[in-house]
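S.K.:
Protein chains: 2
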Amino acid sequence: MDTWNAINTVRVVRRFSDEPITEEQLARILDAARRTGSSKNEQAWAFIVVRDRDHLRELAAVGTYAGHLAGATVAVALVTPNPATTSQTWDMGRAAQSMVLAAWELEIGSVPATVYDHALAARLLGLPDDRRCDYLLSFGHPADASKLTAPNRRGGRVALADLVHEERW
Amino acid sequence: MDTWNAINTVRVVRRFSDEPITEEQLARILDAARRTGSSKNEQAWAFIVVRDRDHLRELAAVGTYAGHLAGATVAVALVTPNPATTSQTWDMGRAAQSMVLAAWELEIGSVPATVYDHALAARLLGLPDDRRCDYLLSFGHPADASKLTAPNRRGGRVALADLVHEERW
Chain A
1 MDTWNAINTV RVVRRFSDEP ITEEQLARIL DAARRTGSSK NEQAWAFIVV
51 RDRDHLRELA AVGTYAGHLA GATVAVALVT PNPATTSQTW DMGRAAQSMV
101 LAAWELEIGS VPATVYDHAL AARLLGLPDD RRCDYLLSFG HPADASKLTA
151 PNRRGGRVAL ADLVHEERW
Chain Z
1001 MDTWNAINTV RVVRRFSDEP ITEEQLARIL DAARRTGSSK NEQAWAFIVV
1051 RDRDHLRELA AVGTYAGHLA GATVAVALVT PNPATTSQTW DMGRAAQSMV
1101 LAAWELEIGS VPATVYDHAL AARLLGLPDD RRCDYLLSFG HPADASKLTA
1151 PNRRGGRVAL ADLVHEERW
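The listed protein sequences correspond, in order, to chains A and Z.
Each residue of the first sequence is one higher than the one before, starting from 1 at the first, in the working numbering.
Each residue of the second sequence is one higher than the one before, starting from 1001 at the first, in the working numbering.
1) His-165/A versus chain Z: which residues are under 9 Å apart at the beta carbon?
2) Counting pairs of beta carbons, one from the segment 34 to 45 of chain A and one from the segment 85 to 97 of chain A, are three or more of them closer than 8 Å?
3) So with CB distances below 9 Å, who are the chain A contacts of Gly-1109/Z?
4) Mind listing the chain A neighbours of Leu-1101/Z? Cutoff is C-beta to C-beta under 9 Å, in chain order.
5) Could you spell out where the beta strand (DSSP E) holding Glu-166/A opens and where it closes?
6) Please list, in chain order, the residues of the segment 1011 to 1041 of chain Z that have any C-beta partner in chain A closer than 9 Å.
7) Since Asp-91/A is in the alpha helix (DSSP H), which residue starts that stretch and which ends it?
8) Counting only Cβ pairs nearer than 8 Å, list the residues of chain Z close to Leu-160/A.
9) Whose Cβ in chain Z lies nearer than 8 Å to the Cβ of Glu-105/A?
10) Please work out which residues of its chain come closer than 7 Å, Cβ to Cβ, to Glu-1058/Z, disregarding the five sequence neighbours upstream and downstream, and give them in chain order.
11) Do three or more CB pairs link the segment 125 to 139 of chain A to the segment 96 to 113 of chain A at distances below 8 Å?
12) May I ask which residues mark the beginning and end of the beta strand (DSSP E) holding Ile-1048/Z?
13) Using a C-beta to C-beta distance shorter than 8 Å, which residues of chain Z count as neighbours of His-55/A?
14) Which partner residues does Ala-1113/Z have in the DSSP bridge list?
15) Look at Leu-1101/Z and Leu-101/A and say whether their C-beta atoms are less than 9 Å apart.
16) Based on DSSP bridge pairs, tell me the residues matched to Asp-1002/Z.
17) Quick one: what's got a C-beta closer than 7 Å to Arg-11/A's C-beta in the same chain, skipping five residues either side?
18) Does any CB atom of chain A fall closer than 9 Å to the CB of Tyr-1116/Z?
19) Is the segment 55 to 73 of chain A touching the segment 6 to 23 of chain A in the sense that three or more CB pairs, one from each, lie closer than 8 Å?
20) In or out: Thr-1022/Z buried (at least 16 other Cβ within 10 Å) or exposed?
21) Who are the Cβ neighbours of Phe-1047/Z in its own chain at under 8 Å, not counting the five residues just before and after it?
22) For Thr-209/A, return the contacting residues in chain Z, with the cut-off set at a CB-CB distance below 7 Å.
23) Anyone know if the C-beta pair for Arg-94/A and Gly-1156/Z falls short of 9 Å?
24) Pull up the distance between the alpha-carbon of Asp-52/A and that of Arg-168/A, whole angstroms please.
25) Quick one: Cα of Val-1050/Z to Cα of Arg-132/A, how far?
26) Would you say Arg-1131/Z lies against chain A (beta-carbon separation less than 9 Å)?
27) Mapping DSSP to helix, strand and coil, what is Ala-1077/Z?
28) Measure from the alpha carbon of Ala-1145/Z to the alpha carbon of each residue in Thr-1114/Z, Trp-1104/Z, Asp-1117/Z and Trp-1090/Z, then state which is nearest.
29) Quick check: Gly-1063/Z and Asp-1117/Z, are their CB atoms within less than 9 Å of each other?
30) What is the residue span of the alpha helix (DSSP H) that Ala-1055/Z lies within?
31) Going by beta carbon distance, what residues of the same chain come within less than 6 Å of Ala-6/A, once the five residues before and after it are set aside?
32) For a cutoff of 9 Å on Cβ pairs, would you count Asn-82/A as touching chain Z?
33) I need the boundaries of the alpha helix (DSSP H) containing Leu-30/A, first residue and last residue.
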């Protein structure tokens, strides 16, 4: 899948089929994060792969909208230093997008979960005090395979003309 | 260029040739940001396109490592609400990576600039008080075209085994 096509067609997938993610596919998704550029090449990131169903169900309680984690084929917890600098958060966003796009090319959908209960996330993930998890990503093949080819929803995004300024605000 | 190839081969480009970026190419790069998923589909982002050479030279003073902006074919200032939440910063990182990858497929290189002097950036970009710019991206065709096909530098990234944990930290 060419790069623009992946960027333009990727959509959020919250429900996943039983089709497994192979070790090779998972390695590529993680490698997509690893390959991403970071501020001063700091690479201040780490990733916790969660596949155990009970563990995934527990993690689904870390946020108000994190329920999809319970049904993920694989979840990846994105771990930064604690506290995280703006650059570390921004870098992690870049790495997350690389993962989302690499997965989509493999017909694997994803959706982020925002952590609301940081203490619970830290406990479930066994994080030391100097690490935090603000986001996890659920991955899996879509339960509804038509998601892979669905056209963009009209009105799903603000028009470019409303987002872009020339030279000055 | 397939998606994985873009993710795996993209590299930072700091020096740019005189080859122009067409309006169509620029529109695609900006649209890559626009198409990116955001927390609660908030799309709390805006983009200022800077092409005027004098303006680019002024912007090169916003950060210690922002000198590349002076020679950018086009720079895009990434604008968030002020203050920016963690999610808004993370979302912008995702949008930036979409732009970087979309550009790379078009043989356009890029490099981020981190803003150190926020007051100067706000003045040069004409930002209202409720907006801030933490990053800009320089874009252009590489001055050294071999950058487009250069192999990955050995040792440029931490090994996957050192970044990835299973189930718990």
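Don't be surprised by glycine CBs; every beta carbon is placed ideally from N, CA and C.
M.R.: Concretely, from the data shown:
1) Numbered from 1 along the first sequence, position 165 holds the residue referred to as residue 165/A. Neighbours of His-165/A on chain Z, chain order: Ala-1046, Phe-1047, Ile-1048, Val-1049, Ala-1077, Val-1079, Leu-1125 and Gly-1126.
2) yes
3) To locate residue 1109/Z, count along the second sequence from 1; it is residue 109. Those do not exist, as Gly-1109/Z stays about 11 Å from chain A at its closest Cβ, beyond 9 Å.
4) On the second sequence, position 101 is the one that residue 1101/Z refers to. Chain A residues near Leu-1101/Z: Thr-3, Trp-4, Ala-6, Ile-7, Gln-97, Ser-98 and Leu-101.
5) Here residue 166/A is taken as the residue at index 166 of the first sequence, counted from 1. Start and end: 164 to 166.
6) Arg-1011, Val-1012, Ala-1027, Arg-1028, Leu-1030, Asp-1031, Ala-1032, Ala-1033, Arg-1034, Arg-1035, Thr-1036, Gly-1037, Ser-1039, Lys-1040 and Asn-1041
7) For the purposes of this step, residue 91/A is identified with residue 91 of the first sequence, where counting begins at 1. Run containing Asp-91/A: 86 to 105, per the alpha helix (DSSP H) assignment.
8) Translated into the one-based positions of the first sequence, residue 160/A becomes position 160. Simply Ala-1027, Leu-1030, Asp-1031 and Arg-1034.
9) To locate residue 105/A, count along the first sequence from 1; it is residue 105. The contacting residues are Asp-1002, Thr-1003 and Trp-1004.
10) The residue given as residue 1058/Z occupies position 58 in the second sequence. Leu-1124, listed in sequence order.
11) yes
12) In the second sequence, residue 1048/Z corresponds to position 48, counting from 1. Segment 1046 to 1050, the beta strand (DSSP E) holding Ile-1048/Z.
13) The residue you call residue 55/A lines up with position 55 of the first sequence. Per Cβ cutoff of 8 Å: Glu-1167.
14) Against the second sequence, residue 1113/Z aligns to sequence position 113. Looking at the DSSP assignment, Ala-1113/Z forms a beta bridge with Leu-1136/Z.
15) Here residue 1101/Z is taken as the residue at index 101 of the second sequence, counted from 1. Here residue 101/A is taken as the residue at index 101 of the first sequence, counted from 1. It is a contact, given that the beta carbons lie within the stated cut-off.
16) Within the second sequence, residue 1002/Z is the residue found at index 2, counting from 1. Asp-2/A, per the DSSP bridge assignment.
17) As a position in the first sequence, residue 11/A is number 11, starting the count at 1. These residues qualify, in order along the chain: Lys-147 and Ala-150.
18) Stepping through the second sequence from its first residue, residue 1116/Z is reached at position 116. Chain A, which has no Cβ nearer than 9 Å to the Cβ of Tyr-1116/Z, makes this no.
19) yes
20) Taking the first residue of the second sequence as 1, we reach residue 1022/Z at position 22. So Thr-1022/Z ends up on the exposed side.
21) Locating residue 1047/Z in the second sequence gives position 47, counting from the first residue. The residues are Leu-1030, Ala-1033, Val-1076, Ala-1077, Leu-1078 and Val-1079.
22) Residue 209/A lies beyond the range of chain A shown here (1 to 169); nothing can be said about it.
23) Numbered from 1 along the first sequence, position 94 holds the residue referred to as residue 94/A. Numbered from 1 along the second sequence, position 156 holds the residue referred to as residue 1156/Z. The answer is no: Cβ separation not under 9 Å.
24) Translated into the one-based positions of the first sequence, residue 52/A becomes position 52. Translated into the one-based positions of the first sequence, residue 168/A becomes position 168. Spanning the two alpha carbons is a distance of roughly 50 Å.
25) Along the second sequence, one-based indexing puts residue 1050/Z at 50. Along the first sequence, one-based indexing puts residue 132/A at 132. The straight-line gap from Cα to Cα measures roughly 36 Å.
26) Position 131 of the second sequence, counting from 1, holds the residue named residue 1131/Z. Chain A, which has a Cβ nearer than 9 Å to the Cβ of Arg-1131/Z, makes this yes.
27) Counted from its first residue, the second sequence places residue 1077/Z at position 77. Of the three classes helix, strand and coil, the one that applies to Ala-1077/Z here is strand, per DSSP.
28) Counting from one through the second sequence, the residue named residue 1145/Z turns up at place 145. For Ala-1145/Z, the nearest C-alpha among the options comes from Trp-1104/Z.
29) For this step, residue 1063/Z is matched to residue 63 along the second sequence. For this step, residue 1117/Z is matched to residue 117 along the second sequence. Yes, Cβ-Cβ distance for Gly-1063/Z and Asp-1117/Z is below 9 Å.
30) Within the second sequence, residue 1055/Z is the residue found at index 55, counting from 1. Per the sequence shown, residue 1055/Z should be read as His rather than Ala. Residues 1053 to 1059.
31) Position 6 of the first sequence, counting from 1, holds the residue named residue 6/A. Result list for Ala-6/A: Leu-101, Trp-104 and Glu-105, in chain order.
32) If you number the first sequence from 1, residue 82/A lands on position 82. For Asn-82/A, the answer is no, since every Cβ of chain Z falls outside 9 Å of its Cβ.
33) Taking the first sequence and counting its residues from 1, the one referred to as residue 30/A is at position 30. Unbroken alpha helix (DSSP H) run through Leu-30/A: 23 to 35.
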